[in-house]
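To start, the structure under review is shown below, and the notes come after it.
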Amino acid sequence: MTTNASDLTRTLEALREEALRALDAAESEERLEAWRVAYLGRREGKLTLAMRQLGALSPEARPAAGAAANQVKLALDEGLARRQEALKERALERMAQAQRLDVTMPGRPVPLGRLHPTTQMLREVLDAFTSMGFQVAEGPEVELDRYNFELLNIPKGHPARDMWDTLWIDHTDANGERPMLLRTHTSPMQARVMEKTEPPVRVVVPGKVYRYENTDATHEWHFHQVEGLAVDEGITFANLKGTLYEFARRIFGPERRVRFRCDYFPFVEPGVDMAMDCFMCKGEGHLRSGGRSQPCRVCKETGWIEIMGAGMVHPRVLEMVGYDPQKYTGFAFGLGVERIAMLKHGIDDIRLFYANDVRFLRQF
Ligand code: PHE
């Protein structure tokens, strides 16, 4: 076969045009690959075949034709690269389109947690007292016998110890002192606070307490108390009553009735218990439903629920912490936080606070 340089150059030109036109029509990766094989394929590619003819040219004609052929090859290589790039971009665009964020779609609701009803009530109680000028202090749940009993005027062997069903623990404190227990009330903080400070004292002590007790609708083996203590010159029982009335008004509103009765706690003299009318039976002691009368189990048929113990701090207690009982007097009180929450919300079983049932907890 004779080859002539100008024929070959024309062939190459035609090939360029044809190839570039075909390239624009290649709409997929597969088509593009087929195109590459058709024009640039090592064995049967049209350009490859054309270039093979360069060898048949005369040595003089070869450089010019060779240069032309190389330009065509370059143009096709470039064209292929451009087309590959364009296809890739289009694919990405399509993917982005498919995944586009629809900002008008409603969001997924985020479940919001909340404070436990005990914690809410605790904070409300503390707010009532702190707004009357009380400070807040906390103490240990694992306590020494000395603070839980002895410094509260309850010596070893005293029958008053039977008032608290105690969980004793086999433990010695950092100074080698024992016996230890899970505090049965927050009252040990009375002594701890007075030991560390000089009067005047006005403090409330929130905290968890423990009792070795069978549970029922109004008793748990652990619960929360808030202790209160005010000591200064000239504090009287009127201050106690005024403070606790004010507390009751703030938490329950003016319509709730309260009652003070004499009670015995070894660390106060006189001692009282403060009660409120039962929210379940409205103080009746029994519930009426459909003409039938049922005993009220919340107040155990008494119509009253005791919400706190209180009294004037016993002179012995002041003496034991180094206060002069001739100079100082004070009052103290201790209330059950869950019990207050039950009154406030009409909850009829204290065990619900610790059952961790969200159907209950969600209501607060
Ligand atoms: N600590 C007593 C109790 O838990 C309550 C109380 C506190 C009584 C302060 C009087 C004064 O039963």
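Sequential numbering of the sequence shown, starting at 298, is according to the working numbering.
Note that CB positions come from ideal geometry on N, CA and C, so glycine has one too.
Distance cutoff 8 Å, beta carbons only. Does L423 sit that close to anything in chain B? Looking at the structure shown, chain B is missing, and only one protein chain is on hand.
In whole angstroms, what is the alpha-carbon distance linking D513 and V618? 37 Å
Could you give the DSSP three-state label for T540: helix, strand or coil? helix
With a threshold of 7 Å (Cβ to nearest heavy atom), would F446 be considered close to the ligand PHE? no
Reducing DSSP to helix, strand and coil, say where R508 ends up. coil
Out of R411, A535, R397, which one is the CA nearest neighbour of F628? Comparing Cα-Cα distances from F628 to each of R411, A535, R397, the minimum goes to A535.
Taking the straight line between their C-alpha atoms, what separation do you get for P452 and F446? 7 Å
Confirm the yes/no value for this check: CB of Q522, any heavy atom of the ligand PHE, distance under 7 Å. yes
Taking DSSP as the reference, what is the three-state secondary structure of D442? helix
Neighbourhood of M298 by C-beta distance below 6 Å, restricted to the same chain and skipping five residues each side: Confidence at M298 is low in this model, with a pLDDT of 45, below 50, so the placement of that residue should be treated as unreliable; the coordinate-derived value is given next. Around M298: no qualifying Cβ.
Pull up the CB-CB distance for R553 and D570, whole angstroms please, since I reckon it's below 8 Å. Contact flag wrong, Cβ pair sits at about 16 Å.
Measuring alpha carbon to alpha carbon, tell me which of A471, V490, K493, D442 ends up nearest L478. Nearest C-alpha to L478: D442.
From F520 to V634, what does the alpha carbon distance come to, in whole angstroms? 8 Å
Between the C-alpha atoms of I532 and N450, what's the straight-line distance to the nearest angstrom? 20 Å
How is W518 classed by DSSP in three states: helix, strand or coil? Three-state DSSP puts W518 in coil, outside helix and strand.
With a cut-off of 8 Å on the beta carbons, I'd call V523 and P497 a contact; round off their distance for me. Wrong, their Cβ atoms sit about 19 Å apart, outside the cutoff.
Which residue or residues does DSSP assign as beta-bridge partners of A607? V569, F630
If you measure between the beta carbons of I604 and R636, is that distance less than 8 Å? yes
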